[in-house]
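A short worksheet on the structure shown next.
Protein chains in written order, with this note's numbering: chain A, 261 to 569; chain B, 14 to 283; chain C, 33 to 323.
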């Protein structure tokens with residue numbers, strides 16, 4: 261068991277190396293611009309010498325791999341550099357803004373579970389009924405719809421029309437209900453389909469038939485026998501889906517002015533604040549690998565076949 | 014509640030009396046006559062075999078008796094008297110409990126008949142607690158005895174195991190244990206040995222025979238294997254394309270087969 | 033010269049006939065699939081004929097006619113800069129299709145050779161390539177594409193490169209699997225016995241065999257690519273204004289949400305219809321091939 265965890269953590273390393281190297285190299289490709297941007301901050305109309313001075317000061321003249329090695333050494337110790345735009349440590353900013361993104365993702369996960377479980381299970385049990393048809397339409401439609409568009413529409417309805425959210429900005433919301441709803445509606449389709457397929461498959465299995473012959477009530481059959489078996493692969497996918505929710509919330513956060521990590525990343529990209537972007541990508545990559553690992557472990561514990569076999 | 018009963022059926026130790034049963038599968042565009050005008054009788058303490066090739070409709074009959082047939086299977090006519098009462102005339106809400114109190118069924122794939130995520134103990138106890146209002150401890154004791162009754166050793170250990178840990182033969186014994194917990198009058202065995210090794214087959218058949226002798230259970234053995242029939246059956250029904258083509262005692266069928274199909278089956282076996 | 037021509041015609045005929053069976057099966061599928069097929073064809077036709085169909089110049093700014101309602105001249109009205117919405121939508125179809133085909137093409141150019149090589153060669157090469165693919169698979173794709181485009185100059189070219197370089201991995205893995213399966217089949221042994229070179233085997237035999245599933249995958253993927261393009265353009269990292277692109281149109285419409293909500297609705301619906309059409313077609317193709 262621990263060997264397994266150790267192995268998985270080991271695979272984390274090449275991923276992190278790849279991720280950080282790529283972002284670093286890209287960042288350094290426009291280092292001329294960075295020096296200029298920094299100079300423009302310090303001085304009004306920086307001269308060439310002043311730009312050069314900053315270039316040397318920041319070490320941009322050294323070969324890329326050397327710069328990367330330095331950055332890596334610092335990163336391993338928990339120092340991800342300083343933001344170009346406000347000079348604060350990147351790590352501090354990540355820690356400051358992460359909770360809001362986490363809150364959004366958790367709420368979205370909750371809505372996702374409610375929507376997809378209800379529709380998926382009901383449409384499998386009542387196959388062919390109106391609920392089944394509605395859920396199929398929903399699946400199809402949710403996959404085809406741009407998430408940010410739904411966000412805009414909901415912002416219009418609940419913000420501009422009903423005045424429940426402030427359209428112009430500022431997180432006047434205590435709980436990001438509408439943004440979370442947007443994300444969950446758009447991701448729901450895949451899960452509804454998965455749950456429905458799994459449930460239908462399980463409901464056709466021998467042990468369900470045997471349970472019926474025993475005289476077990478339909479309700480008990482579904483809740484005690486069918487659900488457990490159908491849900492295992494779903495839990496797996498949901499765990500990974502949670503990672504996607506965390507990583508993919510940037511645009512929704514921006515639309516609803518929810519000051520989370522995604523929003524920070526987006527702003528930093530626009531400002532070309534490379535240290536922040538690098539730190540963000542690295543942080544997210546680590547987080548996703550850890551989440552995948554946690555999901556694998558949890559599924560291994562729940563399924564007796566994996567635990568003992 | 015007035016259900017259709019037949020006094021005659023209740024005597025002569027007849028536990029199952031199927032009369033003129035016809036069942037169709039309704040599919041888009043076609044009607045498949047799976048069972049046509051079938052008559053069959055199973056008696057207490059006797060093993061009645063229903064033989065036919067694949068697709069003859071024998072499994073359909075088994076499912077219909079237990080009330081768990083396919084959704085698009087429609088019984089167009091006939092009566093099924095189980096312990097004296099026509100179950101086809103019963104309202105749905107009473108049907109399941111009546112059937113499960115009087116009959117049990119085991120299937121061809123023993124591992125698939127058990128829920129892979131629940132222990133043997135949990136599945137056995139579920140059946141016990143469903144029928145009687147007793148404490149968990151009492152149910153546990155009954156479960157132990159039941160496992161011993163199907164010749165499974167070390168019931169305490171076995172209760173905690175999951176189906177994938179057991180061999181096919183052991184799983185089939187577990188399903189027999191579950192199906193016979195409250196001594197059903199009829200036990201339907203739908204191809205119980207087809208998926209098992211030859212040596213294990215003999216053990217399972219022996220187990221069924223034991224139940225017949227010990228508890229007086231009527232056993233409806235559904236199979237395509239004449240060898241199995243020759244070993245333990247008392248009465249035989251031969252089925253082809255949804256019809257019963259011949260019936261009689263084992264000796265009658267094997268020594269003096271009348272119908273062409275019976276002779277073909279026997280010829281194939283030898 | 034004539035011989036070459038008849039040869040090519042014969043080849044095309046044979047090729048067409050081999051796929052004819054599949055086309056027949058598609059057409060006999062449920063109505064939804066045929067509907068998707070027709071819709072996709074319609075959208076492609078609109079995209080190709082954009083310059084002819086569009087009532088006005090999508091780029092022409094006309095500040096005196098800002099935010100007009102629908103009319104005979106401007107079919108769906110005008111946007112905040114007086115440009116014809118209908119024309120921008122029509123041209124948007126062309127833009128979306130071009131960009132997504134570029135991304136798809138680039139993805140395939142990367143993933144097909146890698147997948148084929150890995151599947152066919154096996155051994156150390158395969159293990160190495162699979163490690164690389166695994167690394168790419170565990171990347172948060174949207175993030176990476178975002179970061180890449182952000183670091184480079186925001187623009188269509190960089191968006192295409194960023195997306196293709198992050199999304200090729202799943203396809204390479206699937207193609208590798210298919211190549212490995214096909215490699216085992218008998219006709220490959222026959223080809224080897226006939227002393228075909230490796231390249232010939234890979235391209236003539238294996239690739240031709242796995243081409244249909246690849247096409248199906250590609251069709252199913254176009255929808256997601258179009259959505260991604262719209263997202264990137266929405267946040268300003270993809271197509272740049274004043275390009276008539278649906279994502280940009282949505283971004284522009286944000287400011288006028290309270291007064292002119294219809295600006296938000298038209299491009300959104302265009303995106304949904306297009307993505308749905310490709311998904312319908314893709315699903316239909318997938319079912320047809322599975323049979």
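All C-beta atoms, glycine included, are put in the ideal place defined by N, C-alpha and C.
All values derive from a computational prediction rather than experimental measurement.
* To do: Check distances from the C-beta atoms of the stretch 251-272 of chain C to those of chain A and list, in chain order, the residues that come in under 8 angstroms.
  => For the stretch 251-272 of chain C, which is checked against every Cβ of chain A, the residues closer than 8 angstroms are 255, 259, 262, 263, 266, 267, 268, 269.
* Asked: Does the stretch 500-516 of chain A come close enough to the stretch 325-334 of chain A to have 3 or more Cβ pairs within less than 8 angstroms?
  -> Result no; under three Cβ-Cβ pairs closer than 8 angstroms.
* Asked: What residues from the stretch 440-457 of chain A come within 9 angstroms of chain C, judged by C-beta to C-beta, listed N to C?
  -> Correct list: empty, as no residue qualifies.
* Within 7 angstroms (strictly less), CB to CB, does residue 420 of chain A reach chain C? -> Residue mapping note: residue 420 of chain A aligns to position 160 of the first chain, counting from 1. For residue 420 of chain A, the closest Cβ of chain C is nearer than 7 angstroms.
* **residue 229 of chain C - DSSP class collapsed to helix/strand/coil** => Working through the third chain from its first residue, we reach residue 229 of chain C at position 197. Residue 229 of chain C falls in the coil class under three-state DSSP.
* Asked: For residue 523 of chain A, which of A/495, A/276, A/359, A/312 has the nearest alpha-carbon?
  -> Residue mapping note: residue 523 of chain A aligns to position 263 of the first chain, counting from 1. Closest by alpha carbon: A/359.
* Asked: Nearest-angstrom Cα distance between residue 115 of chain B and residue 414 of chain A?
  -> Taking the first residue of the second chain as position 1, residue 115 of chain B is located at position 102. Taking the first residue of the first chain as position 1, residue 414 of chain A is located at position 154. Distance between the alpha carbons of residue 115 of chain B and residue 414 of chain A: 58 angstroms.
* To do: Could you pull the start and end residues of the beta strand (DSSP E) that residue 56 of chain B belongs to?
  => The count along the second chain starts at 1 and reaches residue 56 of chain B at position 43. Segment 43-56, the beta strand (DSSP E) holding residue 56 of chain B.
* **In chain order, each alpha helix (DSSP H) run of at least 4 residues that lies wholly inside the stretch 415-501 of chain A** => You should have 437-463, 466-474.
* To do: Please list the residues of the stretch 457-487 of chain A that have a C-beta atom closer than 7 angstroms to any C-beta atom in chain B, keeping them in chain order.
  => Those residues of the stretch 457-487 of chain A that come within reach of chain B (Cβ to Cβ, closer than 7 angstroms) are 465, 466, 467, 469, 470, 472, 473, 474, 475, 476, 485.
* **Expected contact under 8 angstroms - CB spacing of residue 111 of chain B and residue 118 of chain B to nearest Å** => Taking the first residue of the second chain as position 1, residue 111 of chain B is located at position 98. Taking the first residue of the second chain as position 1, residue 118 of chain B is located at position 105. Not confirmed; about 14 angstroms, so no contact.
* Asked: Does the beta carbon of residue 565 of chain A come closer than 7 angstroms to any beta carbon on chain B?
  -> For the purposes of this step, residue 565 of chain A is taken as the residue at position 305 of the first chain. The beta carbon of residue 565 of chain A sits closer than 7 angstroms to some beta carbon of chain B.
* Give the straight-line distance between the Cα atoms of residue 150 of chain C and residue 235 of chain C, rounded to the nearest whole angstrom. => As a working mapping, residue 150 of chain C is identified with position 118 in the third chain. As a working mapping, residue 235 of chain C is identified with position 203 in the third chain. Residue 150 of chain C and residue 235 of chain C have their C-alpha atoms roughly 14 angstroms apart.
* To do: Just confirm the distance between the C-beta atoms of residue 53 of chain B and residue 250 of chain B, as a whole number of angstroms; I'd bet it's less than 8 angstroms.
  => Taking the first residue of the second chain as position 1, residue 53 of chain B is located at position 40. Taking the first residue of the second chain as position 1, residue 250 of chain B is located at position 237. 6 angstroms between Cβ atoms; contact.
* **Straight-line Cα distance separating residue 552 of chain A from residue 312 of chain A** => Here residue 312 of chain A refers to the residue found at position 52 when the first chain is read from its first residue. Here residue 552 of chain A refers to the residue found at position 292 when the first chain is read from its first residue. Approximately 45 angstroms, taken between the alpha carbons.
* Asked: With a CB to CB cut of under 6 angstroms and the five nearest residues on each side skipped, what residues in its chain are close to residue 91 of chain C?
  -> By one-based count along the third chain, residue 91 of chain C stands at place 59. Taken in chain order, the residues that qualify are 274.
* the stretch 335-351 of chain A in contact with the stretch 486-497 of chain A per 3-pair CB rule at 8 angstroms -> Counting Cβ pairs under 8 angstroms, fewer than three are found: no touch.
* Asked: In or out: residue 462 of chain A buried (at least 16 other Cβ within 10 Å) or exposed?
  -> By one-based count along the first chain, residue 462 of chain A stands at place 202. Label assigned to residue 462 of chain A: buried.
* For the beta strand (DSSP E) containing residue 253 of chain B, list its first residue and its last residue. => As a first step, residue 253 of chain B must be located in the second chain, where it is residue number 240. First-last of the beta strand (DSSP E) with residue 253 of chain B: 248-253.
* Cβ atoms of residue 156 of chain B and residue 178 of chain B: under 7 angstroms apart, would you say? -> Translated into the one-based positions of the second chain, residue 178 of chain B becomes position 165. Translated into the one-based positions of the second chain, residue 156 of chain B becomes position 143. Not closer than 7 angstroms, so no.
* To do: State the DSSP-derived secondary structure class of residue 503 of chain A, mapped to helix, strand or coil.
  => Looking up residue 503 of chain A in the first chain gives position 243. Of the three classes helix, strand and coil, the one that applies to residue 503 of chain A here is helix, per DSSP.
* Does residue 346 of chain A have its Cβ less than 7 angstroms from a Cβ in chain B? -> The sequence position of residue 346 of chain A within the first chain is 86, counting from 1. No, no contact with chain B.
* Asked: Identify the residues that DSSP records as bridge partners of residue 61 of chain B: which are they?
  -> What you label residue 61 of chain B is simply residue 48 of the second chain in a count that begins at 1. DSSP output for residue 61 of chain B lists B/233, B/248 as bridge partner(s).
* **Proximity below 7 angstroms, CB of residue 26 of chain B to CB of residue 56 of chain B** => Working through the second chain from its first residue, we reach residue 26 of chain B at position 13. Working through the second chain from its first residue, we reach residue 56 of chain B at position 43. Yes, these two residues count as a Cβ contact at 7 angstroms.
* Apply the 10 Å Cβ neighbour rule to residue 60 of chain B and answer buried if 16 or more other Cβ atoms are within range, or exposed otherwise. => Position 47 of the second chain, counted from the first residue, corresponds to residue 60 of chain B. Around the beta-carbon of residue 60 of chain B, 16 or more other beta-carbon atoms lie within 10 Å, marking it buried.
* To do: Would you kindly work out how many angstroms separate the C-alpha atoms of residue 129 of chain C and residue 120 of chain C, rounded to a whole number?
  => Looking up residue 129 of chain C in the third chain gives position 97. Looking up residue 120 of chain C in the third chain gives position 88. When rounded, the distance between both Cα atoms is 14 angstroms.
* **Short-range partners of chain A found in the stretch 157-173 of chain B, where Cβ spacing is below 8 angstroms** => Cβ contacts with chain A: none found.
* Using the rule of at least 16 other Cβ atoms within 10 Å of the residue's Cβ for burial, across every protein chain shown, is residue 290 of chain C buried or exposed? -> Numbered from 1 along the third chain, position 258 holds the residue referred to as residue 290 of chain C. Under this definition residue 290 of chain C is an exposed residue.
* So, helix, strand or coil for residue 39 of chain B, using DSSP? -> The residue you call residue 39 of chain B lines up with position 26 of the second chain. DSSP places residue 39 of chain B in strand when its eight states are reduced to three.
* For residue 355 of chain A, the three-state DSSP class (helix, strand or coil) -> As a first step, residue 355 of chain A is located in the first chain; it is residue number 95 there, counting from the start. Three-state result, residue 355 of chain A: helix.
* Taking Cβ-Cβ distances shorter than 8 angstroms, what residues in chain C pair up with residue 514 of chain A? -> By one-based count along the first chain, residue 514 of chain A stands at place 254. Below the 8 angstroms Cβ cutoff, chain C contributes 267 as neighbours of residue 514 of chain A, in chain order.
* What residues in the stretch 514-540 of chain A bring their beta carbon closer than 8 angstroms to a beta carbon of chain B? -> The residues in question: there are none.
* Please name the residue, chosen from B/63, B/58, B/154, B/34, that lies closest to residue 49 of chain B on a Cα-to-Cα basis. => The sequence position of residue 49 of chain B within the second chain is 36, counting from 1. Residue B/34 is the option with its Cα nearest to residue 49 of chain B.
* To do: Drop a sphere of 10 angstroms on the beta-carbon of residue 45 of chain B, count the other beta-carbons inside from all chains shown, and report buried for 16 or more, exposed for fewer.
  => In the second chain, the residue the question calls residue 45 of chain B occupies position 32. Exposed, since its Cβ has fewer than 16 Cβ neighbours within 10 Å.
* **Sequence-distant residues of its chain with Cβ nearer than 6 angstroms to residue 184 of chain C (five each side left out)** => The count along the third chain starts at 1 and reaches residue 184 of chain C at position 152. 190, listed in sequence order.
* **Proximity to residue 214 of chain B [Cα-Cα], best of B/90, B/123, B/64** => Reading the second chain from its first residue, position 201 is the one you call residue 214 of chain B. Residue B/123 is the option with its Cα nearest to residue 214 of chain B.
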